[in-house]
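Number of protein chains: 2
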Amino acid sequence: MDKPWGEVTPEAARKLLVAAVEAFAERGYHATTTRDIAGRAGMSPAALYIHYKTKEELLHRISRIGHDKALKILQAAAEGPGTAAERLDGAVRSFVRWHAERHTTARVVQYELDALSEEHRTEIVELRRRSDAAVRRILNDGVKAGEFDVPDVPGTTLAVLSLCIDVARWFNAQGRRTPDEVGELYADLVLRMVTAQK
Amino acid sequence: MDKPWGEVTPEAARKLLVAAVEAFAERGYHATTTRDIAGRAGMSPAALYIHYKTKEELLHRISRIGHDKALKILQAAAEGPGTAAERLDGAVRSFVRWHAERHTTARVVQYELDALSEEHRTEIVELRRRSDAAVRRILNDGVKAGEFDVPDVPGTTLAVLSLCIDVARWFNAQGRRTPDEVGELYADLVLRMVTAQK
DNA sequence: GCAAGCTCTAAGCGCTTGCTCACCTTCGGG
DNA sequence: CCCGAAGGTGAGCAAGCGCTTAGAGCTTGC
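Heads up: the protein sequence lines correspond to chains H and P, in order. Take 3 as the starting number for the first sequence in the numbering used here and just add one per residue. Take 3 as the starting number for the second sequence in the numbering used here and just add one per residue.
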């Protein structure tokens, strides 16, 4: 199954959250009103506050679930079988595909961090640190095995993640490329970045 | 000279614009109030409306000037002397350096497009199209000259620009790397992406 | 030496915001 | 058949929003 927001119950809370993701992605957190969210979910503005204490809690739930998913994708690739090159290919391919396919969610997850409360942001930043660690581990493995030539592992880790994340900003579902095609292109480009020359 | 916002006069209008850049970068366009902008500039809220018709006009001025600068950087590199590899190195190096050094401005320029009016956004999108064309030209030249191996020129152009632009999101002036160091790292990574293997 | 014009402020208007509250409905268990 | 809990609504509050207006102060041209 793996239905996008299946873990959110009851049904009304899920509908509100899906509506919030759409609204936040389209107009940004601060430009979205609680009336807009409730309206998209077919409910009155007051209904929102039965399931969520504040508008910020809604953003936090979205951000938390999204970052959990992103981290799982990268960790699965990092801990999987195969050479470092194969694992890096898989990591980039699946991470990019997620950012393209679910670009609505990803946009909220990646670009609305600043709207979180201090406490919630700290929690999310820790998840991002672990995503960074997963990619760095693959690069380090590849260098150790002599597969990769990477003079600056932390910097290259940052660049790889940055490249993938920015897909959420520009990807357009009506555009020319499918998520799979972008994933393939990006996996190829990233492998070239880390592979020994000549 | 090349003082950042030297083209904006009179002085009061410049001070308001600089204050707006800071505020928009920190909190986002929609979360920034006209009172906050005026306060940072040491003026009353009403003073803003002597120099700008609306808050959106302020954003448009910022976005326009910033995109002009970004386009100039890329066009200068594309039309400069040297091999395609040298020009691409220069383009990435200077474009990344600008996004790092002026990350406050770049953040507004790159991430607040959606807050512009339909008309203003159309104007800005055209400037971005020309930035894309400048990079694509370098890649095409390199392929024609046999310097580069790039199976998908439009896709790789997109990836290169995307990588550079995302610097504005993560770059931290208090961080470990200087703008020059990031520029050098990124120029190296991008050259690896386009250079023939083996 | 003073009218004209520009810059700026204090006050505030009309509206929207996030959120609350009194009340209504639905429904399973004794 | 009634009861209390849970999920929902319409109306509306206090605060904050973008922006306007009346008028004060300073500079300038003749």
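Ideal placement from N, C-alpha and C gives every residue a C-beta, glycine not left out. Because the structure is a prediction, the values reported are computed rather than measured.
Straight-line gap, residue i to residue j (C-alpha atoms, nearest Å)
| i | j | result |
| --- | --- | --- |
| H/TYR113 | P/THR11 | 33 Å |
| H/THR35 | P/GLY44 | 31 Å |
| H/GLU81 | P/ALA40 | 52 Å |
| H/GLU103 | H/PRO181 | 6 Å |
| H/HIS105 | H/LEU118 | 20 Å |
| H/ARG178 | H/TRP172 | 12 Å |
| H/ALA198 | H/VAL152 | 8 Å |
| P/GLY68 | H/THR56 | 36 Å |
| P/VAL94 | P/ILE64 | 23 Å |
| H/TYR31 | P/ASP116 | 13 Å |
| H/GLU186 | P/GLU186 | 26 Å |
| P/GLU121 | P/VAL111 | 16 Å |
| P/LYS146 | P/LYS71 | 29 Å |
| H/LEU163 | P/VAL192 | 15 Å |
| P/VAL137 | P/PRO83 | 15 Å |
| H/CYS166 | P/ALA49 | 43 Å |
| H/GLY148 | H/GLU59 | 46 Å |
| H/TYR188 | H/VAL98 | 8 Å |
| H/SER46 | H/LYS5 | 26 Å |
| H/ARG139 | P/ALA15 | 50 Å |
| P/ARG42 | H/GLY144 | 49 Å |
| H/GLN176 | P/GLU13 | 45 Å |
| P/LEU18 | H/VAL169 | 33 Å |
| H/ASN174 | H/PHE26 | 16 Å |
| P/LEU141 | P/ILE52 | 46 Å |
| P/ARG201 | P/PRO156 | Given that chain P is displayed from residue 3 to residue 200, the structure contains no residue 201 of chain P and the question cannot be resolved. |
| P/ASP2 | P/GLU88 | Missing from the structure shown is residue 2 of chain P; chain P here goes from 3 to 200 and no further. |
| P/ASP154 | P/ARG37 | 48 Å |
| H/HIS101 | H/ARG109 | 8 Å |
Chain H residues whose Cβ lies nearer than 7 Å to that of residue i
| i | result |
| --- | --- |
| P/THR159 | In chain order: nothing, as chain H lies at least about 11 Å away. |
Residue i: contacting residues in chain H (beta-carbon distance under 9 Å)
| i | result |
| --- | --- |
| P/ASP116 | GLU28, ARG29, GLY30, ALA33 |
| P/ARG132 | Simply none; closest approach about 16 Å. |
| P/TYR113 | TYR113, ARG171 |
Beta-bridge partners of residue i, as assigned by DSSP
| i | result |
| --- | --- |
| H/PHE150 | H/THR197 |
Contact list for residue i against chain P, beta-carbon separation under 8 Å
| i | result |
| --- | --- |
| H/LEU187 | ASP154, GLY157, THR158, ALA161 |
| H/LEU191 | THR158, ALA161, MET195 |
8 Å Cβ cut-off: residues of chain H touching residue i
| i | result |
| --- | --- |
| P/SER164 | LEU165, ASP168, VAL169, ARG171, TRP172 |
Proximal residues of chain P, C-beta to C-beta of residue i below 7 Å
| i | result |
| --- | --- |
| H/ARG99 | Near H/ARG99 there are no residues of chain P at all, since even the closest Cβ is about 15 Å away, more than 7 Å. |
request  = Give a yes or no on contact between the stretch 69-77 of chain H and the stretch 131-149 of chain H, applying the rule of three or more CB pairs nearer than 8 Å.
outcome  = By the Cβ test, the stretch 69-77 of chain H is in contact with the stretch 131-149 of chain H, since at least three Cβ pairs between them sit closer than 8 Å.
message = With three or more C-beta pairs closer than 8 Å as the rule, is the stretch 19-26 of chain P touching the stretch 166-184 of chain H?
response = With fewer than three CB-CB distances shorter than 8 Å, the stretch 166-184 of chain H does not count as touching the stretch 19-26 of chain P.
request  = Name, going along the chain, the residues of the stretch 166-182 of chain P whose beta-carbon falls closer than 8 Å to a beta-carbon of chain H.
outcome  = Residues passing the 8 Å Cβ filter: ILE167, ASP168, VAL169, ARG171, TRP172, ARG179.
query = Given a limit of 8 Å on CB to CB distance, which residues of the stretch 64-75 of chain H reach chain P?
reply = If you check each beta-carbon in the stretch 64-75 of chain H against every beta-carbon of chain P, none falls closer than 8 Å.
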